[in-house]
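>
Residue numbers (our numbering), protein chains in the order written: chain A, 40 to 462; chain B, 40 to 462.
Spelled out as structure tokens, the structure:
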């Protein structure tokens, strides 16, 4: 009585099978009952004799029966049940009708019942694609000689000076949740040259928008012995292609179900910040400052799509004013820092970093930071740090834009925002 | 002038190469100078003419020269430098002499200077082996149809009732750091049947011992549609073999350098708790209670090694008193919960979980918990949860015991303990 998976059913026409899964949907036609059984690999139609008492939807079932062809059934086959065991009955009707689930622009209802709404086909598929993107990230970097690292999330100070930090009671001390592994991944470049980390980061940002999360998954990369930021961008380009390939191949069912409009990965142009600013001002009539806001990024993404047919756009040479202290300065007010816009949403910040102790101390002061507060970080730069750079990709944001989700929260299993701490 | 990696040097005898890395060690013999250059792939001897001013050890260098054979050099070859560029000079002598670094029973000095001590060959190798173990974990589970999940680390309550939690100021609310993804991975079994997570967990344990960390990497697994806990143990056995295989093959250099005594992975016997307790009391003269302390686990591990020649020992059928509320009760005071001892150290807790709503409510009450405090968790059990189980492997502990490290802190890049928040 070994278990057959739903996806194996079409190869078992004429055979007896035993399936396990959830009662996705049921319909009583009087003389006969139809049920849809869902397992991790798919959904199959099951024909159940009248008189058999089907439990509430979402109950866990074990179904035995024969696989037969039926041109009217979904996929052209179904299972004629001759045994049906309720493994775990659902006790109440699901608060969300799983078969009818759709994204909603206001996500609150779906998120409130996330523990069942995640069972919906689209919700399941979206996070399956995300897992494939992350797998593609790791596999590509492993093959390039990178080492995976696991850095602390409980830290004594912030990576970028101290704002937007969640405070923790750490025994007798005050500690914080890491808003980025930035300083640690730089230290680890001194150890392994090439490192990456896949881990949550925490931002105590007050605003609640459709693109912000207070806890998200950061895909962090740092690489030593680079010439300039273009080595870093070259790496990210190749990495993004590998991630998207893995999503398309490794999560093909999910990608197909979500009818994803695949992005153009052939070209990812690089636009210098002054030119991007000129385009925004002169061609798009948007007066912008050193940093671009959400609206400006969206406009720039749309402009690049219309002008060049591209979905990915690197904006390079950000001015110092719009970058953290560790951005490598060019000496003319600009830095080797870049952002990556994907369909008009910033999904990456990156760049070459300062690797010289003295330059770093000056840069800290210039931003109004007391170098004494960064002593632990600065120490490592006394002992030979190579020229290096890196970037971080927001896993939820790339998932959101790839899949066209109306809110970034749908790209996280259990999102945390200004007001949401549960489930 | 493309870069040659140190490991490629032996294949370039007679050729000109350009290397980049750190000055690991130097020695001036008067007429000639020897240097060891270290990059992410190894260490090579470089011969430098007299008169060339070598910087402090740990400086970053670019070295050009010819690869020649020399029977007296390590490996039988060396590089005769004709160009040497200091990319980044070290500004001070390293507080730890990297080439002479050894594990110390008291780790404080090495940890204080972790940002440089991690560059030591053993330190680098240990975390490289850990990354390979984690890679083996993921690759095996991916191939078995598991989905990787990313669950929240900021939670509204503890998974096991509320002790040992770090509190966070979350805007106007009180929140906590997750001590385990337990409840979330169970919810996700309802979505994907088979899930895993690799993420930090946080335990506000007061004690500081050589086997405890307040933040560690938990390798979590949960699987649905199991018959009993032996399905879960079967999975963990196969998984451990895959992890260890990946460490031995994927981190072969590191494993070789650390001279690892490889464990017996062929047999991992299962000993029921009452029998383990009898052995401890009668054969080893250790009076023990429902749970086994550190000393008892060590004795049991040693007993199993001497008696059966095994390194891994599952202790099954733990009594309810020694298990969390969600352990599946057998009805006789025992549960389907198990521990895994590796060389006498608990590296895993696992078991079958309760999947029925009513049983779970009773179990919560029996442990003195108010079910109302677990409402969010309980909800999902109203909607059909399959029989399921799982386990968590402590990444640092398995690394520590595999490599014979004197302290679990050496198995974490930047450990956090009762007193240590930096670097």
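No residue lacks a Cβ here, since even glycine has one placed at the ideal position from N, Cα and C.
1. By Cβ distance below 8 Å, which residues in the same chain neighbour residue 266 (chain B) in space, the five residues on each side in sequence not counted?
2. Apply the 10 Å Cβ neighbour rule to residue 52 (chain A) and answer buried if 16 or more other Cβ atoms are within range, or exposed otherwise.
3. Which class does residue 419 (chain B) belong to by DSSP, given the choice of helix, strand or coil?
4. Which residue comes first and which comes last in the beta strand (DSSP E) that contains residue 20 (chain A)?
5. Decide yes or no for the touch test of the stretch 260-277 of chain A against the stretch 415-432 of chain A: beta carbon pairs closer than 8 Å, at least 3 of them.
6. Taking DSSP's pairing of strands, which residues face residue 368 (chain A) in a bridge?
7. Using C-beta distances below 8 Å, list every residue in its chain close to residue 91 (chain A), excluding the 5 sequence neighbours before and after it, in chain order.
8. May I ask which residues mark the beginning and end of the beta strand (DSSP E) holding residue 263 (chain A)?
9. Go ahead and pull the three-state DSSP assignment for residue 351 (chain B).
10. Kindly indicate which three-state DSSP category residue 156 (chain A) falls into: helix, strand or coil?
11. Excluding five sequence neighbours on each side, which residues of the same chain lie with their C-beta closer than 6 Å to the C-beta of residue 60 (chain B)?
12. Considering Cα atoms alone, identify which of B:132, B:364 and B:450 is closest to residue 373 (chain B).
13. Would residue 228 (chain A) and residue 234 (chain A) be called neighbours here (beta carbons separated by less than 8 Å)?
14. Give the list of continuous beta strand (DSSP E) stretches no shorter than 3 residues that lie fully inside the stretch 73-105 of chain A.
15. Cβ of residue 440 (chain B) less than 8 Å from any chain A Cβ?
16. Under 8 Å between the Cβ atoms of residue 380 (chain B) and residue 399 (chain B)?
17. Relative to the alpha-carbon of residue 450 (chain B), which residue among A:103, A:189, A:44 and A:98 has its alpha-carbon at the smallest distance?
18. Which same chain residues end up closer than 8 Å to residue 130 (chain A) when comparing Cβ atoms and leaving out the 5 residues on each side of it in sequence?
19. Using only the alpha-carbon positions, how far apart do residue 56 (chain B) and residue 182 (chain A) sit?
20. Within its chain, find whatever has a CB closer than 6 Å to the CB of residue 366 (chain B); leave out the 5 residues flanking it on each side and keep chain order.
21. Using a C-beta cutoff of 8 Å, does residue 227 (chain A) count as contacting chain B?
22. Using a Cβ-Cβ distance cut-off of 8 Å, determine whether residue 448 (chain A) contacts chain B.
23. Decide yes or no for the touch test of the stretch 93-110 of chain B against the stretch 405-425 of chain A: beta carbon pairs closer than 8 Å, at least 3 of them.
24. Return the chain-ordered ranges of every alpha helix (DSSP H) run that is complete within the stretch 255-325 of chain B and spans a minimum of 4 residues.
25. Residue 139 (chain A): buried (16+ other C-beta within 10 angstroms of its C-beta) or exposed?
26. In the DSSP output, what is residue 208 (chain A) paired with across the bridge?
27. Could you give the DSSP three-state label for residue 328 (chain A): helix, strand or coil?
28. Should residue 394 (chain A) be flagged as near chain B, meaning a C-beta pair shorter than 8 Å?
29. Which chain A residues sit within Cβ distance under 9 Å of residue 41 (chain B)?
30. Strictly below 7 Å CB to CB, what residues from chain B border residue 61 (chain A)?
31. Out of B:334, B:297, B:206 and B:314, which has the shortest C-alpha to C-alpha gap to residue 163 (chain B)?
32. Thinking just about the alpha-carbon of each residue, which of A:308, A:335 and A:306 is nearest to the one in residue 320 (chain A)?
33. Pull up the distance between the alpha-carbon of residue 406 (chain B) and that of residue 202 (chain B), whole angstroms please.
34. Where does residue 341 (chain A) land, buried or exposed, given buried means 16+ other C-beta within 10 angstroms?
35. Answer with yes or no whether the minimum CB distance from residue 418 (chain A) to chain B is below 8 Å.
36. Is residue 313 (chain B) buried or exposed, if buried means 16 or more other CB atoms sit within 10 Å of its CB?
Straight from the coordinates:
1. Closer than 8 Å at the Cβ level, and outside the excluded window around residue 266 (chain B), lie 426.
2. Here residue 52 (chain A) is exposed. Its C-beta has fewer than 16 other C-beta atoms within 10 Å.
3. Reduced to three states, the DSSP call for residue 419 (chain B) is helix.
4. Only positions 40 to 462 of chain A appear in the structure, and residue 20 (chain A) is not among them; the question remains open.
5. Contact between the stretch 260-277 of chain A and the stretch 415-432 of chain A is present, with at least three C-beta pairs closer than 8 Å.
6. For residue 368 (chain A), which the question treats as bridged, DSSP gives the partners A:374.
7. Excluding residues within five positions, the ones whose Cβ falls inside 8 Å are 72, 120 and 123.
8. For residue 263 (chain A), the enclosing beta strand (DSSP E) has its first and last residue at 254-263.
9. DSSP places residue 351 (chain B) in strand when its eight states are reduced to three.
10. For residue 156 (chain A), the secondary structure class from DSSP, reduced to helix, strand or coil, is helix.
11. Within the same chain, Cβ atoms closer than 6 Å to the Cβ of residue 60 (chain B) are found at 76, 77 and 78, the five residues on either side in sequence being excluded.
12. Among B:132, B:364 and B:450, the Cα nearest to that of residue 373 (chain B) is on B:364.
13. Yes, they are a contact pair.
14. The stretch 73-105 of chain A contains these whole beta strand (DSSP E) runs: 81-88.
15. No - not a single Cβ of chain A is within 8 Å of the one on residue 440 (chain B).
16. No.
17. The shortest CA-to-CA distance from residue 450 (chain B) to any of A:103, A:189, A:44 and A:98 is the one to A:189.
18. Apart from sequence neighbours up to five positions away, the residues of its chain that approach residue 130 (chain A) with a beta-carbon distance below 8 Å are 95, ordered along the chain.
19. Taking C-alpha positions only, residue 56 (chain B) is separated from residue 182 (chain A) by approximately 23 Å.
20. 374, 376 and 390, listed in sequence order.
21. Taking Cβ atoms only, chain B reaches closer than 8 Å to residue 227 (chain A), which makes this a yes.
22. Not an interface residue.
23. Contact between the stretch 93-110 of chain B and the stretch 405-425 of chain A is present: 3 or more CB-CB pairs across the two stretches fall below 8 Å.
24. Listed in chain order, the complete alpha helix (DSSP H) runs (minimum 4 residues) inside the stretch 255-325 of chain B are 268-289, 291-296 and 312-317.
25. With fewer than 16 other Cβ atoms within 10 Å, it is exposed.
26. DSSP output for residue 208 (chain A) lists A:213 as bridge partner(s).
27. Of the three classes helix, strand and coil, the one that applies to residue 328 (chain A) here is coil, per DSSP.
28. Answer yes: the Cβ-Cβ gap between residue 394 (chain A) and chain B drops below 8 Å somewhere.
29. Chain A residues near residue 41 (chain B): none, gap ~12 Å exceeds 9 Å.
30. For residue 61 (chain A), the chain B residues whose Cβ falls inside 7 Å of its Cβ are 423, in order along the chain.
31. Selected option, being the one with the closest Cα: B:297.
32. When C-alpha distances from residue 320 (chain A) are compared across A:308, A:335 and A:306, the shortest belongs to A:335.
33. Using only the alpha carbons, I get a separation of about 13 Å.
34. With fewer than 16 Cβ atoms within 10 Å of its Cβ, residue 341 (chain A) is classed as exposed.
35. Chain B contact via Cβ: present.
36. Residue 313 (chain B) should be labelled exposed.
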